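Have a look at the structure below before the remarks.
Next up, the structure:
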């Protein structure tokens with residue numbers, strides 16, 4: 001599974017949850033790959049030779065974290081998993097400790113949270129989804145999933161959106177590409193590819209070519225996000241929450257524009 005995906009997509013890292021483990025090691029990987037597991041063995045990170053030399057930060061029960069260097073800048077990668085039967089506060093406490101202790105550096109969190117919210121595709125919201133949204137708002141982080149994201153889990157006739165990706169800043173979110181692959185993963189969960197375009201300075205102020213149409217497509221795509229954004233506005237009750245909601249709306253508009261319009265080449 002991992003070998004085939006690595007050959008086809010050439011990633012630097014895999015963030016894995018509930019992978020097959022034997023004798024304390026993830027199975028089915030190349031001997032030249034490095035791998036790390038959480039204390040529970042449910043969460044892991046695979047490091048391929050193309051990745052910068054990583055440093056292990058933490059191996060907790062529900063999370064595994066490493067630090068890499070990209071363009072002379074430190075960057076933390078966190079893999080996470082919360083069983084649907086676990087106390088959800090435990091993973092949130094681990095993530096809070098990790099993100100608090102990295103001194104303002106950029107980070108990415110990817111994991112299977114088993115939490116429901118309309119914000120990332122479900123038709124309902126459960127207690128886990130509410131707690132996770134509160135965590136996102138409190139930490140001022142950005143979710144790469146959207147309300148119209150394809151399902152990341154399929155089993156028989158059931159679909160789900162348990163696999164989420166979050167990043168530490170708006171500028172980082174705007175240079176990330178997030179896709180769910182339809183190809184066979186030999187699992188109920190699909191592969192999610194996160195590409196960080198580190199050579200791009202920023203798309204925060206990108207200008208799009210809108211003179212040649214595409215507006216109806218934009219409206220149709222954005223309609224599916226409106227209700228979730230309205231809910232965010234309705235649930236905002238102070239300046240901090242309104243600022244976070246505003247940033248989320250800006251990011252959703254930007255993501256939809258990228259799906260519809262071409263980016264203008266602006267001459268300095």
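Numbering (UniProt numbering), first residue to last: 1 to 268.
Think of the CB as a built atom: it goes at the ideal place given N, C-alpha and C, for glycine as much as any other residue.
All values reported here derive from a predicted model rather than from experimental measurement.
- Item | Coil, strand or helix - residue 22 by DSSP | To locate residue 22, count along the chain shown from 1; it is residue 22. Here residue 22 sits in strand by DSSP.
- Straight-line Cα distance separating residue 168 from residue 257: Locating residue 257 in the chain shown gives position 257, where the first residue counts as 1. Locating residue 168 in the chain shown gives position 168, where the first residue counts as 1. Straight-line Cα distance between these residues: approximately 22 Å.
- From the DSSP output, in three-state form, read off residue 204 for me. As a first step, residue 204 is located in the chain shown; it is residue number 204 there, counting from the start. The predicted position of residue 204 is uncertain, since its pLDDT is 42 and thus under 50; a value taken from the coordinates is nonetheless stated next. The three-state secondary structure of residue 204, taken from DSSP, is coil.
- Item | Inter-residue CB distance, residue 13 and residue 57 (contact presumed, cutoff 8 Å) | Taking the first residue of the chain shown as 1, we reach residue 13 at position 13. Taking the first residue of the chain shown as 1, we reach residue 57 at position 57. The Cβ separation is near 14 Å, so there is no contact.
- Query: Given a threshold of 16 other Cβ atoms within 10 Å of its Cβ, counted over all protein chains shown, does residue 52 qualify as buried or as exposed?
  - Reply: Taking the chain shown and counting its residues from 1, the one referred to as residue 52 is at position 52. With fewer than 16 Cβ atoms within 10 Å of its Cβ, residue 52 is classed as exposed.
- Item | Identity of the residues DSSP links to residue 195 by a beta bridge | As a first step, residue 195 is located in the chain shown; it is residue number 195 there, counting from the start. According to DSSP, residue 195 shares a beta bridge with 177.
- Based on Cα-Cα distance, which residue from 95, 7, 232, 260 lies nearest to residue 247? Position 247 of the chain shown, counting from 1, holds the residue named residue 247. Of the candidates 95, 7, 232, 260, 232 places its Cα closest to the Cα of residue 247.
- Message: Output needed for residue 225: all residues of its chain with C-beta closer than 8 Å, excluding positions within five of it in sequence on either side, in chain order.
- Response: Mapped onto the chain shown, residue 225 falls at position 225. So the qualifying residues of the chain are 146, 147, 148, 252, 256.
- Query: What is the DSSP secondary structure of residue 35, reduced to helix, strand or coil?
  - Reply: By one-based count along the chain shown, residue 35 stands at place 35. Correct three-state label for residue 35: strand.
- Evaluate residue 115 with the Cβ neighbour count: other Cβ atoms within 10 Å of its Cβ, from every protein chain shown; 16 or more gives buried, anything less gives exposed. Along the chain shown, one-based indexing puts residue 115 at 115. In this structure residue 115 is buried. Its beta-carbon is surrounded by 16 or more other beta-carbon atoms within 10 angstroms.
- Query: Can the beta-carbon of residue 68 be found closer than 7 Å to that of residue 75?
  - Reply: Position 68 of the chain shown, counted from the first residue, corresponds to residue 68. Position 75 of the chain shown, counted from the first residue, corresponds to residue 75. One thing to note: residue 68 has its Cβ within 7 Å of the Cβ of residue 75.
- Task: Could you tell me the boundaries of the alpha helix (DSSP H) in which residue 226 lies?
- Result: Counting from 1 along the chain shown, the entry for residue 226 is found at position 226. Residue 226 -> alpha helix (DSSP H) spans 215 to 235.
- Contact between the segment 33 to 47 and the segment 13 to 25: three or more CB pairs below 8 Å? Yes, the segment 33 to 47 is in contact with the segment 13 to 25.
- Query: Where do the N-terminal and C-terminal ends of the beta strand (DSSP E) with residue 44 fall, by residue?
  - Reply: What you label residue 44 is simply residue 44 of the chain shown in a count that begins at 1. Taken as a continuous stretch (DSSP letters only), the beta strand (DSSP E) holding residue 44 covers 43 to 47.
- Have a look at residue 207 and residue 150 and give me their C-alpha separation to the nearest angstrom. Along the chain shown, read from residue 1 onward, the residue named residue 207 stands at position 207. Along the chain shown, read from residue 1 onward, the residue named residue 150 stands at position 150. Whole-angstrom Cα-Cα distance: 27 Å.
- residue 40 versus residue 59 - alpha carbon distance: Stepping through the chain shown from its first residue, residue 40 is reached at position 40. Stepping through the chain shown from its first residue, residue 59 is reached at position 59. Cα atoms of residue 40 and residue 59: separation of roughly 9 Å, rounded to the nearest angstrom.
- From residue 86 to residue 23, what does the alpha carbon distance come to, in whole angstroms? Walking along the chain shown from the start, residue 86 turns up at place 86. Walking along the chain shown from the start, residue 23 turns up at place 23. Distance between residue 86 and residue 23, taken at the CA atoms: about 24 Å.
- Item | Inter-residue CB distance, residue 91 and residue 62 (contact presumed, cutoff 8 Å) | Residue mapping note: residue 91 aligns to position 91 of the chain shown, counting from 1. Residue mapping note: residue 62 aligns to position 62 of the chain shown, counting from 1. Rounded, the Cβ-Cβ distance is 4 Å, consistent with contact.
- Task: Check residue 97 in the structure and name its three-state DSSP category.
- Result: Counted from its first residue, the chain shown places residue 97 at position 97. In the three-state scheme derived from DSSP, where H, G and I count as helix and E and B as strand, residue 97 is classed as helix.
- Message: Is the beta carbon of residue 164 closer than 7 Å to that of residue 106?
- Response: Residue numbering aside, residue 106 sits at position 106 when the chain shown is read from its first letter. Residue numbering aside, residue 164 sits at position 164 when the chain shown is read from its first letter. Contact check for residue 106 against residue 164 fails: the beta carbons are separated by 7 Å or more.
- Query: Taking C-beta to C-beta, are residue 161 and residue 122 nearer than 7 Å?
  - Reply: In the chain shown, residue 161 corresponds to position 161, counting from 1. In the chain shown, residue 122 corresponds to position 122, counting from 1. Against a cut-off of 7 Å, the Cβ pair of residue 122 and residue 161 comes out as a contact.
- Task: Return the residue from the list 50, 21, 110, 84 that minimises the CA-CA distance to residue 64.
- Result: In the chain shown, the residue the question calls residue 64 occupies position 64. Among 50, 21, 110, 84, the Cα nearest to that of residue 64 belongs to 110.
- Task: Quick one: grab the DSSP three-state call for residue 155.
- Result: Stepping through the chain shown from its first residue, residue 155 is reached at position 155. The answer is strand: DSSP assigns residue 155 an E or B state.
- List the residues that DSSP assigns as beta-bridge partners of residue 73. The count along the chain shown starts at 1 and reaches residue 73 at position 73. DSSP lists 70 as partners of residue 73.
- Candidates 230, 103, 195, 125: which alpha carbon is nearest residue 10's? In the chain shown, counting from the first residue as 1, residue 10 sits at position 10. Per the Cα distances, 195.
- Message: What does the alpha-carbon distance come out to for the pair residue 18 and residue 93?
- Response: Here residue 18 refers to the residue found at position 18 of the chain shown. Here residue 93 refers to the residue found at position 93 of the chain shown. Residue 18 and residue 93 have their C-alpha atoms spaced approximately 20 Å apart.
- Item | Residue burial classification, residue 143 (beta-carbon count within 10 angstroms, cutoff 16) | Sequence index remark: in the chain shown, residue 143 carries index 143 (1-based). It counts as buried.
- Item | Neighbour-count burial assignment, residue 213, 16 or more Cβ in a 10 Å radius | Position 213 of the chain shown holds residue 213. Burial state of residue 213 is exposed, judged by a 10 Å Cβ sphere holding fewer than 16 other Cβ atoms.
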